[in-house]
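In the numbering used here, the protein residues as written are 131 to 371.
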């Protein structure tokens, strides 16, 4: 039986008086690449931020490898690899200092050799001693991904992490994630607008509309879901119901 590594249970969240998430539930098992789709402003980033612990849900719970983000945040975050938004990186640190700071926060004594190898594959090693405020968007994205992979996390959460990456670097990251999943090393949740990634890499996908998951499907149903997203048929059907 596959192990459930990310368990989102009836999560509600709001900003001020505005409800953003309205009872979202999903489960991701070990070895799965799960893609979260939806138009802008429907709650994808809010859900990702709830998983990371940056936003506290008003109701519900989220568990990472059996640890509650709400009740056991430190233990849960040690099992999480979260790629922050590029603009949230500390501008006055170098790439290496960012990696060392994140590693220390996870209780690591040194940087993962595997992460440093990936940095070389991404040709990021040349930027390790440069300050983040000199980075392009693509270089920032590479650092965000590398930070998320520190400590061999059980759950890797990415929010539009391929935006700004050149095609070769994007392919390198995708293949790296595929190798991890094939080896049973955790799961991946990707919030994205890229239907190409969904069709070619996702094992499961879900469509989030107005704070609710309105469709969830397995790999054999993904092509149909993407087609409905392109035509707008699913969105129109939901909002007219």
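Yeah, the Cβ is synthetic: ideal placement off N, Cα and C, and Gly gets one too.
| Item | Value |
| --- | --- |
| Taking the Cβ atom as the reference point for each residue, do residue 331 and residue 295 lie within a distance shorter than 9 Å? | no |
| Looking at the secondary structure, which residues open and close the beta strand (DSSP E) in which residue 323 lies? | Here residue 323 belongs to no beta strand (DSSP E), and DSSP marks it neither H nor E. |
| Are residue 136 and residue 219 touching if we call contact CB-CB under 9 Å? | no |
| By Cβ distance below 6 Å, which residues in the same chain neighbour residue 349 in space, the five residues on each side in sequence not counted? | 333 |
| In terms of residue numbering, what span does the beta strand (DSSP E) encompassing residue 192 cover? | 189–194 |
| In whole angstroms, what separates the C-alpha of residue 221 from that of residue 273? | 12 Å |
| Grab the span of the beta strand (DSSP E) containing residue 71 for me, first residue to last. | Outside the displayed span of the chain (131 to 371) sits residue 71, for which this structure offers no information. |
| Name the DSSP bridge partner or partners of residue 142? | 152 and 189 |
| Is residue 297 buried or exposed, if buried means 16 or more other CB atoms sit within 10 Å of its CB? | exposed |
| Express the C-alpha separation of residue 206 and residue 196 in angstroms, rounding to a whole number. | 8 Å |
| Starting from the N-terminal side, write out each stretch of the beta strand (DSSP E) that is 3 residues or longer and does not extend beyond the segment 209–248. | 210–212 |
| According to DSSP, is residue 298 part of a helix, a strand, or is it coil? | helix |
| So residue 147 is in the beta strand (DSSP E); what residue range does that whole segment cover? | Taken as a continuous stretch (DSSP letters only), residue 147 belongs to no beta strand (DSSP E), as it is neither H nor E. |
| Let me confirm a value: residue 201 is counted as buried when at least 16 other C-beta atoms fall within 10 Å, else exposed. Which label applies? | exposed |
| Rounded to whole angstroms, what is the Cα-Cα separation between residue 345 and residue 358? | 11 Å |
| Give a yes or no on whether the C-beta atoms belonging to residue 229 and residue 288 are separated by under 9 Å. | no |
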